[in-house]
Amino acid sequence: MTRSGIRAIVPAAAAVLIGLPAGPGPATAQSAAVVPATHNPASPSGGRETLRLRELWRAGADDDAVLIGTVQQALSDEQGHLYLLDRQLSQVHVFSPEGEFLRSLSREGEGPGESRQPADLFWTADGDLGIVQGFPARVVRIDPAGQPRESLPLGQSDPAAGGFRFAHGALSRAGVLAFSGGEMKMAEGGVTPISFLSLCNPDGSERARLLEKTGDDIMRTRRWVEKDEYFVHGGRWTIGRDGRIYAAPERGRYLISVFGPDGAPQATITRDFEPRRRTAEERAAARGNVRIVANGRRVDIEEQIDDFEPCVMHLEARPDGELWVIHSRSALDLPPGVMQIYDAFDPAGVFVREVAVAGEGDAREDRLFLLGADRALLVNGYQGSLRISMGTGGGDEGGDELPVGAGRPLEIICYAVE
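Numbering-wise, the sequence shown is residues -29 to -1, 1 to 389 according to mature numbering (1 follows the signal peptide of the UniProt record, and there is no 0).
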């Protein structure tokens, strides 16, 4: 499970571009259509199955062959090659199916095939790698060998018209392209920040806005309310094998909205679930995640931390059409040898079983990427590397000290899923 911080070092005029305060209330769908609702009890109909991880290879840590900064995303191709998006180094590291480091693609910059602080990585419809750059919002395309392709702007971004747009993530599957991002609309006395999830045309232009949430200008209010900040960024939306889009629009409710490939609302999926109250340690760790520096000076922002974790933490569309969900209790009170448990829903939205993943790792500090149906990648030290890259995570004072656990070496382990 992940928690990301917000950090900006920007001129005062642009300081409002970072942070995306999402405003009170849940995200709203751009249609009032009444759709079928599937409600599930707290327990699945089919009990629990266990997937076991068998190690294939590992890299990183003390391995001198490759330097890995912060793993933002992991993909595999049909031949079994692994592609790691390194946000810190603005590169894509490529490993063979046997774990040999082959090369690093792309680099930091503004030229063809280059990006700065990439936010996401996906396979485009024509088989290229799509590197998502936050601002300006675009997809930097390269082929699997690293040759640059034409970049793809996401939506419209026209600073001359008084607005800015940036991207958090994008995905292309089954002929459907979508991205989540934000925009700043200039308003009297400041700006109006808007978070959104949009369906795109093949050229990257916006086709339909699926979810939208309007917030307050934190540079004006000097206040950041975590509960209001919630949106589907950071893994809380995905696209299924049939092109349907799934998103979890509410922080305090186990609710998944389903949209068709054309963007029309199709269904909702809910499950009986009690929001999990945070411990004192978790509340303390959530502080210090908002830092804005304007004209070289730290801007004091009041942080209002939620007492509860978000109900839905991550959505995973599986190759067989199922939807797997990580929730706020997926990594707690586990059986011995189990690192996390998914909720599995069939294509009709029925909670059919739990899926326990047995293997090493702590899902509270590490991250597991599922690579198709039969492989997985564990990033040991994921949360620590994220805290270092963001300069956040731990306490009201912030400061320059590394957070507890942040010095843990980053290591990747590739597994067969059995």
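Beta carbons are placed, not taken as given, at the ideal position from N, Cα and C, and that holds for glycine.
From what residue to what residue does the alpha helix (DSSP H) around A302 run? The residue you call residue 302 lines up with position 331 of the sequence shown. No alpha helix (DSSP H) contains A302, which DSSP labels as neither H nor E.
In DSSP terms, what Y217 is bridged to: Your numbering for residue 217 matches position 246 in the sequence shown. Note: Y217 sits in a beta bridge opposite T209, V229.
Range of the contiguous beta strand (DSSP E) that encloses T192: Indexing the sequence shown from 1 puts residue 192 at position 221. Segment 189 to 192 is the alpha helix (DSSP H) holding T192; no beta strand (DSSP E) there.
Counted within 10 angstroms of its Cβ, other Cβ atoms place D243 as buried (16 or more) or exposed: The sequence position of residue 243 within the sequence shown is 272, counting from 1. D243 comes out exposed.
Sequence-distant residues of its chain with Cβ nearer than 6 Å to M310 (five each side left out): For the purposes of this step, residue 310 is identified with residue 339 of the sequence shown, where counting begins at 1. Answer for M310: V328, G330, G332, A334, listed in chain order.
Taking 8 Å as the cut-off, is the beta-carbon of K184 closer than that to any non-hydrogen atom of the ligand HEM? The model on display carries no ligand, and the ligand HEM is accordingly not part of it.
Are the CB atoms of L76 and F66 within a distance shorter than 9 Å? As a first step, residue 66 is located in the sequence shown; it is residue number 95 there, counting from the start. As a first step, residue 76 is located in the sequence shown; it is residue number 105 there, counting from the start. No, these two residues do not count as a Cβ contact at 9 Å.
Note down the Cα distance separating Y386 from P124, rounded to an integer number of angstroms. Taking the first residue of the sequence shown as 1, we reach residue 386 at position 415. Taking the first residue of the sequence shown as 1, we reach residue 124 at position 153. Between Y386 and P124, the C-alpha separation is close to 35 Å.
Between E154 and E273, what straight-line distance do the alpha-carbon atoms span, to the nearest angstrom? Sequence index remark: in the sequence shown, residue 154 carries index 183 (1-based). Sequence index remark: in the sequence shown, residue 273 carries index 302 (1-based). Taking the straight line joining both Cα atoms gives about 23 Å.
Is Q50 helix, strand or coil by DSSP? Here residue 50 corresponds to residue number 79 of the sequence shown, with the count starting at 1. Three-state DSSP puts Q50 in coil, outside helix and strand.
Kindly provide the ranges of any alpha helix (DSSP H) runs that are 4 or more residues long and lie completely inside the region 237 to 309, ordered along the chain. Runs found: 251 to 257.
Could you check the C-alpha separation between I263 and G211 for me, to the nearest Å? The residue labelled residue 263 in the question sits at position 292 within the sequence shown. The residue labelled residue 211 in the question sits at position 240 within the sequence shown. Taking the straight line joining both Cα atoms gives about 37 Å.
Three or more beta-carbon pairs under 8 Å between the region 40 to 53 and the region 77 to 96, yes or no? yes
Tell me, to the nearest whole angstrom, how far the beta carbon of L168 is from that of A218; I am working on the premise that it is less than 8 Å. Position 197 of the sequence shown, counted from the start, is the residue given in the question as residue 168. Position 247 of the sequence shown, counted from the start, is the residue given in the question as residue 218. Contact holds; Cβ gap of about 6 Å.
Could you have a look at D91 and say whether DSSP puts it in helix, strand or coil? Here residue 91 corresponds to residue number 120 of the sequence shown, with the count starting at 1. In this structure, D91 counts as strand in the three-state DSSP scheme.
With distances taken from CA atoms, which of S14, P15, E20, A30 is nearest L349? The residue given as residue 349 occupies position 378 in the sequence shown. Of the listed residues, the one whose Cα sits closest to L349 is A30.
Which residues bound the beta strand (DSSP E) around E154? As a working note, residue 154 is residue 183 in the sequence shown. Here the beta strand (DSSP E) through E154 covers 147 to 158.
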